[in-house]
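**Q** In terms of my numbering, the sequence shown opens at residue 14 and continues consecutively.
Cβ coordinates follow ideal geometry from the N, Cα and C atoms, glycine included.
Got a structure for you, questions after.
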Amino acid sequence: ISDQKPLGCWSVKHGQILTCPVVCNFETHEYIAVHDDKVLRIWKNEDINLDKAFKATLSADVYRIHSLPQAGPVVLFRGGGVRTLDVLLEAPQQEIENVISGEVIRWSGAFMEGQQPVLVFTTEKDEDFFVYVQKPKLSSLHKYKLEQQESAKPVCFTAHITNQTVTLLCLYSNDSVYQVLIPLQQDTEEEEEEEILSKSLLLNFSASETVLKGASLVALDKDHVAVLGSLTAPRKEPRECLTIWNTKFQTLQTSKELPLGTSGQLWCYEENFFLIHGKVLTVIMYKCETSSLAAAVGKLKCSQTSDVSSFVNWNTLEDEELVVSFQSQESVALKAESRMNLRSRRSAVTEQQPESLSIGQLLLNLKDASNYVLETELRKLMAKAPTPDLQATIGCVVTALTDRCKRNPKFYPQHFLQEIVETRDLSYSLCPDLMAVALEKKDMHLLQLCLERFPDIPEEITYACLKAFLSMSESHLQNIDVNLDSVICYIDVEFDNKEVKTEIVENGFGAEMDQDMCGTKIPKQSQPWSDDDSCPVGPQKAALLNAVLHSAYTETFLLPHLKNLPAGQAILFLRYLYYLYVKCSEKVNTTLPGIRSPTINQIMDWMCLLLDAHFTVMVMLPEAKELLSNLHKFVRAQVRFYSELNKIEGSLRELQRLNHLRESHTYSIEVLEII
């Protein structure tokens, strides 16, 4: 999520339906899915085809799989039966008992109590709600009935376990949260009679005329809950918002409006909120500190302050949520510290001395400072930043600089920004505006550094860099400081920038042999882009293009942008890729010398991408015809060459075996005839 990159994608066959959420087995690092209610699939990250993954057909319908870090996955069936995954895989067709009769499961959760997994789920039947508590490894099952509430019914549930007690929180349709305490019993026999659970009012969301209609409830710790819902008031449109409440003191800690709307679902995992806001996945990091009355009351005094900031965004440049806000000390600190701090800000914070100011307040104070003072203070801030928050601090520093660049077109600390990118371990998501500003300022060196160092650059920005590099004239690039380490070892450059050619014949063929193998020999003067010609671009442009080749991308997202590349630039880029391809093929190990030089796989992948995006155009353009012809012939020659190598693979292995058998100190000359 932090890199905003999809890492894998798998799909079931047409007509099949995934019927419960996919989970990860923490012990084996495998994914577990169920499709069509009964078909279990297990696969690993390197598996490509889901249809070829492990498959087991079960005897009953699965409701949900819960994955626990220390205990492995637990499978809950629609009939209420529970099995650990390892027991289920021993006999997939084993009979699964029906624990519930005529009831429908509404919610389930899995927890660890000591070394034992505990599964809690709720069911509904004829407007009655029941709670089941199971310990799968001990075959323990307890059933309870939830006390009824007049004119209201549960909307959603959440739970946590503390001191051998299950605390079940129920969000009801009357805008209230009730708490139910269920002690974990030690006996292993099933209950003969169901016990009725009493509940106590924990929170009420109705305040004067404003009412919070909750849709999702998540327990953060024993004293805090998060509620996603809509805020309704007379004569006003409902507003969706995310709120955090202190259940110990029944106070609202913070709230954030979500104007783009949500799906009504809220997930929480390892101090991260996950919710759909508009069309993007928003991830919000938080941290709950020990609850105190002073903190709760202090928070209410500044309840208008919004502490929730959208930390991750998959639409990068288009979405305005990712813009760093310096409107409050707390919200800046959140961005800088990569967490949401629920501790109250005391009124004395305004009287803090400069040395104890938060990063956000310091940046606020520097907002109108002179360019020299801003750069000087930011250098000091980076030098003394504490190690745990160093990354976030540097991200705030870069963001402050780019904000100043956008407000003041004359301000651009080029060397300072290059120094930060070169010496600090940054990522695109920490400073999303940096590359956009560099593109606007045509800072090719900074873009080269970002492409080589950032692991999470969006495909749209990668394409923008490629287009900028290809459109830049060679004469202009000669006056720009660009790192040539990736090209200097295979493009020999004289002082007049003419490439010095050396003919290297490896891999069994050279230029002349290639033409002989392909049939008709094309006259030398009619081959402007043949493999024995010089590099089609200058060394500066080649170094910049190499940085693009090193940038990570997802083909699905990059291809639509590549189709917008002008035909002339696409042909020039393909000529350069062809040149690199030939250079790689001259070497026995198909590896270009130099630092950060492109690999043969990167070159081939980009050639395929470019041809996929522009094949029709290139076929129609006369100036591309010869290039495509030469590329086709060269690839065909290589296929033939490697085909011949495959034919003698067995003989070469036998030769290698004989070398191992031969005494190491014996000198001999042998003639092996390969037939």
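1. Taking only three categories from DSSP, how would you classify V238?
2. For a test of the three-state rule: what should DSSP assign to S24, helix, strand or coil?
3. Identify, in the order they occur along the chain, each residue of the same chain with its Cβ nearer than 6 Å to the Cβ of M448, setting aside the five sequence neighbours on each side.
4. I'd like the span of the alpha helix (DSSP H) that includes K638, first residue to last.
5. Using the Cα positions of E208 and R96, report the straight-line distance between them to the nearest angstrom.
6. Determine the burial state of P272: buried for a count of at least 16 other Cβ atoms within 10 Å of its Cβ, exposed for fewer.
7. Output the boundary residues of the alpha helix (DSSP H) element that contains T475.
8. What number of angstroms, rounded off, separates the C-alpha of I470 from the C-alpha of M631?
9. Under 8 Å between the Cβ atoms of Q500 and P549?
10. Give the single residue among K26, F467, G607 and L159 whose Cα lies nearest to the Cα of S213.
11. Do N38 and I30 have their CB atoms nearer than 8 Å?
12. Looking only at its chain, what residues have a beta carbon closer than 6 Å to the beta carbon of K138, apart from the 5 residues adjacent to it on each side?
13. With DSSP collapsed to three states, give me the class of K314.
14. Which stretch, first to last residue, makes up the alpha helix (DSSP H) that contains T256?
15. In whole angstroms, what is the alpha-carbon distance linking F628 and F647?
16. Cβ atoms of Q651 and S610: under 8 Å apart, would you say?
17. With H, G and I counted as helix, E and B as strand and the rest as coil, what does DSSP make of K269?
18. Pairing CB atoms from the region 260–272 with CB atoms from the region 222–238, are three or more of them under 8 Å?
19. Using only alpha-carbon positions, find the residue among E108, L81 and L63 that is nearest to T73.
20. Could you please give me the residues that DSSP links to G227 through a beta bridge?
21. Just to confirm the assignment: which complete beta strand (DSSP E) runs, minimum length 3, are found wholly within the region 130–173?
22. Just grab the DSSP bridge partners of M125 for me.
23. When you compare only the Cα positions, how much space is there between V240 and S229?
24. Look at the alpha carbon of L182 and the alpha carbon of P196, and state the distance between them as a whole number of angstroms.
25. What residue does the alpha helix (DSSP H) around F586 start on, and which one ends it?
26. Rounding to the nearest angstrom, what Cα-Cα distance links S243 and V112 in this structure?
27. Less than 8 Å between the CB atoms is what I'm expecting for A556 and V495, so what's the real figure, rounded?
28. Using a 10 Å radius around the Cβ and a threshold of 16 neighbouring Cβ atoms, would you call Y591 buried or exposed?
29. If you count every other CB in all the chains shown that lies within 10 Å of the CB of S681, and 16 or more means buried, which is it?
30. Do I608 and L593 have their CB atoms nearer than 8 Å?
31. By Cβ distance, which residues of its chain are closer than 7 Å to V52, with the 5 residues on each side in sequence left out?
32. Which residues in the same chain as V336 place their Cβ atom closer than 7 Å to its Cβ, once the five residues preceding and following it in sequence are excluded?
33. Out of H428, L414 and F429, which has the shortest C-alpha to C-alpha gap to P422?
34. Pick helix, strand or coil for C444, following the three-state DSSP scheme.
35. Just the Cα atoms here: how many angstroms apart are S276 and E253?
**A** By the coordinates alone:
1. strand
2. coil
3. C463 and I474
4. P635 to K660
5. 24 Å
6. exposed
7. E472 to S484
8. 28 Å
9. According to the sequence provided, residue 500 is Val. The question's Gln does not apply to it. It is not a contact, given that the beta carbons lie outside the stated cut-off.
10. L159
11. no
12. G115 and E116
13. In this prediction, K314 has a pLDDT of 40, which is less than 50 and means its spatial position is unreliable; what the coordinates show is noted afterwards. The answer is helix: DSSP assigns K314 an H, G or I state.
14. Looking at the DSSP string, T256 is not in any alpha helix (DSSP H); the run it does join, the beta strand (DSSP E), is R252 to N259.
15. 18 Å
16. no
17. strand
18. yes
19. Inspection of the sequence shows that residue 73 is occupied by Ala rather than by Thr. Ranking E108, L81 and L63 by Cα distance to A73 puts E108 first.
20. G242
21. 141–148 and 153–159
22. P130
23. 6 Å
24. 14 Å
25. A580 to S598
26. 36 Å
27. 5 Å
28. buried
29. exposed
30. no
31. K68 and T70
32. Per-residue confidence for V336 stands at a pLDDT of 28, beneath the threshold of 50, marking its modelled position as unreliable; the derived number appears in the next sentence. Hits under 7 Å: none found.
33. L414
34. coil
35. 10 Å
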